[in-house]
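Each step along the sequence shown adds one to the number in the numbering used here, with nothing skipped, and position 118 is 144. Idealized CB from N, CA, C, for every residue including glycine. These notes are about the structure you will find just below.
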Amino acid sequence: AGIVKAVFDMCGIRGTVSPLVILLGHGSSSNNNPFRQAYGCGACGGNAGIPNSRAFGKMANDPRVREELRALGLVIPESTWVVSGFHDTCTDEITFYEREKIPVSHQPELARIEKGLEEACRRNALERCQRFS
Numbered sequence: 027a028g029i030v031k032a033v034f035d036m037c038g039i040r041g042t043v044s045p046l047v048i049l050l051g052h053g054s055s056s057n058n059n060p061f062r063q064a065y066g067c068g069a070c071g072g073n074a075g076i077p078n079s080r081a082f083g084k085m086a087n088d089p090r091v092r093e094e095l096r097a098l099g100l101v102i103p104e105s106t107w108v109v110s111g112f113h114d115t116c117t118d119e120i121t122f123y124e125r126e127k128i129p130v131s132h133q134p135e136l137a138r139i140e141k142g143l144e145e146a147c148r149r150n151a152l153e154r155c156q157r158f159s
């Protein structure tokens with residue numbers, strides 16, 4: 027509960043919590059690159075943030091953790107679902123985990139967010155390509 031609260035606090039999530047919260051770990055895919063670790067997450071020791079993202083999602087969705095969070099002053103409604111995912115900063119691909127556990131009621135909103143993220147990744151790739159000769 028302390029970890030979940032700390033992450034929510036660092037993200038500025040206080041008071042009302044959205045019905046869908048997305049936490050993306052990040053890292054970079056790379057082939058045959060001796061400097062690969064340099065592209066990983068600094069907080070994860072140069073590794074991809076996949077395990078941290080997935081662990082956070084499991085903790086934040088656990089009713090026992092949410093009960094402890096209430097005592098700490100953070101109320102996450104039962105209707106809120108935390109989705110864990112991974113952003114590959116090399117390919118600009120985003121993967122969401124444990125999709126089968128995401129409530130059906132949240133699927134349309136997740137689809138809308140995915141569409142927006144795909145567009146943001148395309149625009150980011152275009153901007154980066156314009157910087158190379």
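Residues bridged to residue i by DSSP?
i, result
"S110", "L49"
"F158", "F158 is not bridged to any residue."
"T121", "F112"
Going by other Cβ atoms of all chains shown within 10 Å of its Cβ, with 16 needed for buried, is residue i buried or exposed?
i, result
"F34", "buried"
"L46", "buried"
"G83", "buried"
"A86", "buried"
"L152", "exposed"
"K141", "exposed"
"L95", "buried"
Compute the distance between the beta-carbons of residue i and residue j, then report whether it is under 9 Å.
i, j, result
"H113", "E104", "no"
"I39", "F122", "no"
"I76", "G51", "yes"
"R80", "S110", "yes"
"T117", "V43", "no"
With DSSP run on the structure shown, which of helix, strand or coil describes residue i?
i, result
"P60", "coil"
"R40", "coil"
"I128", "coil"
"A27", "coil"
"E104", "coil"
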